[in-house]
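Undergrad:
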Amino acid sequence: MKRSAQIRKYVVYAVYLLLFSSVQVTFPGFLTLYGLHADLMFIMVVLVAYMFGFWDGIVFGALAGIIRDYFSAPSVTGLDGSVNTAIGIGLFVMVAAAAFGSSFFTVRIERNFILAFVSVVAATLLYKSVGHLVIFLWSQIVPSLVYNLEFSQIFLKSILPQTLLNLYAAVPIYLLLRFIGPYKGGVNPVLIDEKRKGDNSWLTM
Amino acid sequence: MRKLLTNKRFLTVVSLLIILAVIILGSFPGSPLNVVLKPIGAVVNPIQKVVKYTGNSISGFWAALTDGIAIRNENEQLRAEIAELQYQLTQNEEAAIRYEELQEAFHIREVFSNYDIFGASVLSRDSDEWFSVIRAGVGNSDGIYLEQGQSLAVVDVRMNLVGRVIEVNEDDSVILMLLHEGFQVSGKVNAVNGATFIITGDASLKQQGLCLVTGIDPDVIPNVGDEIVTSGEGGLFPQGIPIGVIESVDTSNELNITATLRPYSDIADLNDIFIMVPFDELENMEMLSEEVYETVSTDS
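Each protein sequence line maps, in turn, to chains A and B.
Start counting the first sequence at 1; every next residue gets the next number (my numbering).
Start counting the second sequence at 1; every next residue gets the next number (my numbering).
#1: Less than 7 angstroms between CB atoms is the rule here; does residue 172 (chain A) satisfy it with respect to chain B?
#2: To the nearest angstrom, report how far apart residue 189 (chain A) and residue 4 (chain A) are at their CA atoms.
#3: I need the straight-line Cα distance from residue 347 (chain B) to residue 142 (chain B), nearest angstrom please.
#4: Of the residues B:51, B:21, B:266, which one's Cα is nearest the Cα of residue 159 (chain B)?
#5: Output yes if chain A places a C-beta closer than 7 angstroms to the C-beta of residue 126 (chain B); else output no.
#6: Hey, is residue 192 (chain B)'s beta-carbon within less than 7 angstroms of any beta-carbon in chain A?
#7: In the DSSP assignment, find the unbroken beta strand (DSSP E) run with residue 250 (chain B) in it and report its ends.
#8: How is the alpha helix (DSSP H) around residue 102 (chain A) delimited, first residue to last?
#9: Determine whether the Cβ of residue 75 (chain A) lies closer than 7 angstroms to any Cβ atom of chain B.
#10: Looking at the secondary structure, which residues open and close the alpha helix (DSSP H) in which residue 339 (chain B) lies?
#11: Interface residues of chain A around residue 23 (chain B) at Cβ under 9 angstroms?
#12: If you draw a straight line from the C-alpha of residue 47 (chain A) to the C-alpha of residue 115 (chain A), how long is it?
#13: What residue range does the beta strand (DSSP E) around residue 177 (chain B) cover?
#14: According to the neighbour-count rule (16 or more other Cβ atoms, all chains shown, within 10 Å of its Cβ), is residue 145 (chain A) buried or exposed?
#15: Shorter than 7 angstroms from the beta carbon of residue 317 (chain B) to some beta carbon of chain A?
#16: Which same chain residues end up closer than 7 angstroms to residue 107 (chain B) when comparing Cβ atoms and leaving out the 5 residues on each side of it in sequence?
#17: Mind listing the chain B neighbours of residue 28 (chain A)? Cutoff is C-beta to C-beta under 8 angstroms, in chain order.
#18: Which chain E residues sit within Cβ distance under 7 angstroms of residue 119 (chain A)?
#19: Say whether the region 24-35 of chain A touches the region 161-173 of chain A, bearing in mind that this needs 3 or more beta-carbon pairs closer than 8 angstroms, one atom from each stretch.
#20: Compare the C-beta of residue 61 (chain B) against all C-beta atoms of chain A and say whether one is closer than 7 angstroms.
#21: Does any residue of chain B have a CB that is nearer than 7 angstroms to the CB of residue 99 (chain A)?
#22: How would you call residue 217 (chain B), buried or exposed, if buried means at least 16 neighbouring beta carbons within 10 angstroms?
#23: Do residue 155 (chain B) and residue 161 (chain B) have their C-beta atoms within less than 7 angstroms of each other?
#24: Output, in chain order, the set of chain A residues within a Cβ distance shorter than 7 angstroms of residue 12 (chain B).
#25: Given that residue 207 (chain B) touches chain A, what residues does it touch there, using C-beta distances under 7 angstroms?
#26: Tell me which same chain residues have a C-beta within less than 7 angstroms of the C-beta of residue 16 (chain A), skipping the five on either side of it?
#27: Apart from the five residues just before and just after residue 186 (chain A), which ones in its own chain have a Cβ nearer than 8 angstroms to its Cβ?
#28: By alpha-carbon positions, which one of A:133, A:71, A:39 ends up nearest to residue 38 (chain B)?
#29: Measuring straight from C-alpha to C-alpha, what distance separates residue 175 (chain B) and residue 27 (chain A)?
#30: Taking 8 angstroms as the limit between beta carbons, can you name the residues of its chain near residue 198 (chain B), skipping five residues before and five after?
#31: Mind checking the region 61-72 of chain A against chain B and listing, in chain order, the residues whose C-beta falls within less than 9 angstroms of any C-beta there?
#32: Under 7 angstroms, Cβ to Cβ, is there at least one residue of chain A near residue 252 (chain B)?
#33: Within the chosen definition, does the region 61-78 of chain A reach the region 132-139 of chain B through at least 3 CB pairs nearer than 8 angstroms?
#34: Indicate whether at least one CB of chain A lies closer than 7 angstroms to the CB of residue 273 (chain B).
#35: Which residues in the same chain as residue 61 (chain A) place their Cβ atom closer than 7 angstroms to its Cβ, once the five residues preceding and following it in sequence are excluded?
#36: Between which two residues does the alpha helix (DSSP H) containing residue 153 (chain B) stretch?
Structure (C-alpha cells):
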C-alpha cells in the first residue's frame with residue numbers, strides 16, 4: 001500500500017474514532033427508542049472488522065473500547081455493595097465485537113453488504129443477550145444487587161429496540177465506510193492479497 | 001510458534017484474557033490502572049468539546065430558523081399573559097414573604113449552609129444501557145476529593161437530586177445517576193414528620209424513567225402525587241433535597257408495599273450539575289492537601 005494511502009487510512013480512522021465517540025456521549029438524545037440509543041461505536045467496530053478484516057477491526061475496536069471506558073465506563077456493584085466504575089469492560093466488549101465482526105461468515109461466504117448488516121444485528125443480539133446474562137449471574141452473587149427484569153422485558157425493551165436502532169444507524173455508517181474511507185473504493189487491499197493466496201474469501205461490495 | 005502468534009483465534013482469546021485480567025486488577029481499590037486512562041483525556045476531551053460546541057451551534061441555528069414564525073405568534077400570546085402575570089406577581093410577592101418566614105422556621109437555610117456547592121457542566125453522558133455513568137467537569141484540581149465510603153450528592157439547577165459522585169479524578173468527576181440499580185437513598189414525604197423509606201434504581205423501571213420505593217410502613221403509605229425529598233438519614237445526603245413525586249403505589253402485598261417514583265431531574269436534558277460538599281469534608285480535604293504538601297516538602 002502506498003504511503004499516502006496509509007496516511008489517509010490512519011487519518012480517516014482517527015477522525016471516525018474521535019467524532020463518533022464524541023457524538024455518542026455528547027448527544028445521547030440522537031436516535032432513541034425506549035430510552036436506548038444507537039450504539040454508534042459498537043456498529044462502527046463491527047462494520048470495520050467485517051469490511052476491512054481482523055487487524056483493522058481489532059485495533060479500531062481496542063481504541064474505541066479505551067475511549068468508551070474513559071468517557072462512560074460501566075458502574076458495577078461490588079460484592080460489598082459499593083458501586084464503582086469498572087475499567088476495561090468497554091475494551092473487552094469492543095475487541096470481542098471486532099473479533100466477531102471479522103469472522104462473521106467471512107471464510108466461506110464472500111463479504112457483501114447484506115451480510116454487513118446481518119453482522120451488526122447478530123453482534124448486537126449476542127452483546128445484549130450475553131450482557132443481560134452476565135448481569136443476572138452477577139446479581140445472584142451480589143446480595144444488594146436486584147436484577148428483576150423478565151424475559152419479555154429484556155427482549156422487548158432492551159434487545160429488540162437496541163437491535164433495530166443499531167440496524168438503522170448501520171446504514172449511514174456502512175455508506176460512510178464504503179464510500180468515504182478509510183480505503184479508496186471501500187476495499188482493503190490486504191484482504192485482496194489474502195484472497196489471492198487462498199487464505200480467505202474476499203469481498204465484492 | 002510464529003504460526004501460533006499469527007493465528008487470529010489464538011490472538012483474540014489471549015487479548016480477551018489479558019483484558020479480563022485488566023478488568024479484575026482495575027476493580028481493586030486504589031488500583032494504578034485507573035491512571036492509565038488519564039492521558040486519553042488530553043486527546044479526546046478537546047475534540048469532544050469541539051463536537052459539543054458545533055452540535056449546539058447547529059441546533060441553535062436550526063432552532064432560530066424554524067422558530068421564527070412560531071416566535072411571532074408566541075409574542076402575541078405572551079403580551080396577553082404579561083398582564084395576567086403582573087396581577088399574579090403582586091400576589092406572589094405576598095407569598096414570598098410568607099415563604100421566607102417558613103424557611104427560617106424550618107431552618108432550611110441552615111441545613112444547606114453547611115454545604116459548599118461546586119457547579120460543573122456535564123462533559124459526557126451514558127453511551128449505552130450499561131455504560132451509564134456521566135462525567136462532570138469538576139475534580140481534584142477544583143478542590144473536590146472523595147474518600148473511601150464517602151458520597152457526595154449531585155443536584156441539578158433546580159436543586160433536584162440527580163445522583164451521587166462515585167469517583168473523582170484530577171479534572172472530572174464520575175456520577176452515578178438516580179436511576180441506576182446501584183443507587184440508593186433514604187427519602188421521606190415532604191411534610192412535617194413525613195414517612196421515610198428507601199428509594200433505589202430498578203432495572204425494570206429504569207427505561208420508564210422511574211425509581212422504586214421500598215421499606216414503606218403499612219401504616220404510613222405515601223399517596224400518589226406526594227413529593228419526596230431526601231430524609232438525611234445515614235448522613236450521606238443533606239435533608240430536604242427534592243427527589244421526585246410518587247407515581248404509583250402497589251399495596252397488593254401488605255408485607256412488601258412498594259411504590260414508583262418519578263424523579264424531578266431530567267437526565268436527558270441535563271447540561272449543568274452541582275456537587276454538594278459538606279464543610280467538614282472540605283476541611284478534611286484542606287488538611288489532606290496540607291499533609292500532601294508537607295510530605296512533598298519533606299521529601300524534597
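Ideal Cβ positions, reconstructed from N, Cα and C, are used throughout, including at glycine.
TA: Per the coordinate set shown:
#1: As a first step, residue 172 (chain A) is located in the first sequence; it is residue number 172 there, counting from the start. By this cut-off, residue 172 (chain A) is not an interface position.
#2: Start at 1 with the first residue of the first sequence, and residue 189 (chain A) comes out as number 189. Start at 1 with the first residue of the first sequence, and residue 4 (chain A) comes out as number 4. Distance between the alpha carbons of residue 189 (chain A) and residue 4 (chain A) is about 14 angstroms.
#3: Nothing can be reported for residue 347 (chain B), as the shown portion of chain B is limited to 1 through 300.
#4: Position 159 of the second sequence, counting from 1, holds the residue named residue 159 (chain B). For the residues B:51, B:21, B:266, the minimum Cα distance to residue 159 (chain B) belongs to B:266.
#5: By one-based count along the second sequence, residue 126 (chain B) stands at place 126. It does: the Cβ of residue 126 (chain B) has a partner Cβ on chain A nearer than 7 angstroms.
#6: Residue mapping note: residue 192 (chain B) aligns to position 192 of the second sequence, counting from 1. Put simply, the CB of residue 192 (chain B) is far from chain A, with every gap to its CB atoms at 7 angstroms or more.
#7: On the second sequence, position 250 is the one that residue 250 (chain B) refers to. Residue 250 (chain B) -> beta strand (DSSP E) spans 242-250.
#8: In the first sequence, counting from the first residue as 1, residue 102 (chain A) sits at position 102. It spans 89-102 - the alpha helix (DSSP H) in which residue 102 (chain A) sits, taken as one unbroken run.
#9: Taking the first residue of the first sequence as 1, we reach residue 75 (chain A) at position 75. At least one chain B Cβ lies under 7 angstroms of residue 75 (chain A).
#10: The displayed coordinates of chain B run from 1 to 300. Any statement about residue 339 (chain B) would go beyond what the structure contains.
#11: Within the second sequence, residue 23 (chain B) is the residue found at index 23, counting from 1. The answer, in chain order, is 86, 87, 88, 89, 91, 92.
#12: Looking up residue 47 (chain A) in the first sequence gives position 47. Looking up residue 115 (chain A) in the first sequence gives position 115. Whole-angstrom Cα-Cα distance: 10 angstroms.
#13: Numbered from its first residue, the second sequence carries residue 177 (chain B) at position 177. Per DSSP, residue 177 (chain B) belongs to the beta strand (DSSP E) from 173-177.
#14: Counted from its first residue, the first sequence places residue 145 (chain A) at position 145. The residue in question, residue 145 (chain A), is buried, as its Cβ has 16 or more Cβ neighbours within 10 Å.
#15: Residue 317 (chain B) lies beyond the range of chain B shown here (1 to 300); nothing can be said about it.
#16: The residue you call residue 107 (chain B) lines up with position 107 of the second sequence. Low confidence applies here, because residue 107 (chain B) scores a pLDDT of 48, under 50, leaving its location unreliable; read the following figure in that light. Within the same chain, residue 107 (chain B) has no close Cβ partners at all.
#17: What you label residue 28 (chain A) is simply residue 28 of the first sequence in a count that begins at 1. Result: 125, 126, 127, 268.
#18: Absent here is chain E; the protein component of the structure consists of chains A and B.
#19: Three or more pairs of CB atoms, one per stretch, sit closer than 8 angstroms, so the region 24-35 of chain A contacts the region 161-173 of chain A.
#20: As a position in the second sequence, residue 61 (chain B) is number 61, starting the count at 1. False, the Cβ-Cβ gap to chain A never drops below 7 angstroms.
#21: In the first sequence, the residue the question calls residue 99 (chain A) occupies position 99. For residue 99 (chain A), the answer is yes, since a Cβ of chain B falls inside 7 angstroms of its Cβ.
#22: The count along the second sequence starts at 1 and reaches residue 217 (chain B) at position 217. By the neighbour-count rule (16 or more Cβ atoms within 10 Å), residue 217 (chain B) is not buried but exposed.
#23: Here residue 155 (chain B) is taken as the residue at index 155 of the second sequence, counted from 1. Here residue 161 (chain B) is taken as the residue at index 161 of the second sequence, counted from 1. Yes.
#24: Against the second sequence, residue 12 (chain B) aligns to sequence position 12. What residue 12 (chain B) touches in chain A: 99.
#25: On the second sequence, residue 207 (chain B) is found 207 positions in, with the first residue counted as 1. Here the neighbours are 34, 35, 157.
#26: Within the first sequence, numbered from 1, the residue matching residue 16 (chain A) stands at position 16. Only 44 meet the Cβ criterion.
#27: For this step, residue 186 (chain A) is matched to residue 186 along the first sequence. Counting only Cβ-Cβ distances below 8 angstroms, and skipping sequence neighbours, we find 51, 177, 178, 179, 205.
#28: Translated into positions along the second sequence, residue 38 (chain B) becomes position 38. Of A:133, A:71, A:39, the residue nearest in Cα terms is A:71.
#29: For this step, residue 175 (chain B) is matched to residue 175 along the second sequence. For this step, residue 27 (chain A) is matched to residue 27 along the first sequence. Rounded to whole angstroms, residue 175 (chain B) to residue 27 (chain A) spans 17 angstroms at the Cα level.
#30: In the second sequence, the residue the question calls residue 198 (chain B) occupies position 198. Contacts found: 184, 185, 186, 187, 213, 214, 215.
#31: 62, 65, 66, 67, 68, 69, 70, 71, 72
#32: To locate residue 252 (chain B), count along the second sequence from 1; it is residue 252. Chain A, which has no Cβ nearer than 7 angstroms to the Cβ of residue 252 (chain B), makes this no.
#33: Contact between the region 61-78 of chain A and the region 132-139 of chain B is present, because at least three Cβ pairs lie under 8 angstroms.
#34: By one-based count along the second sequence, residue 273 (chain B) stands at place 273. Chain A contact via Cβ: absent.
#35: Start at 1 with the first residue of the first sequence, and residue 61 (chain A) comes out as number 61. Here the set comprises 45, 49, 94, 95, 97, 98.
#36: Stepping through the second sequence from its first residue, residue 153 (chain B) is reached at position 153. Per DSSP, residue 153 (chain B) belongs to no alpha helix (DSSP H); it is in the beta strand (DSSP E), 152-155.
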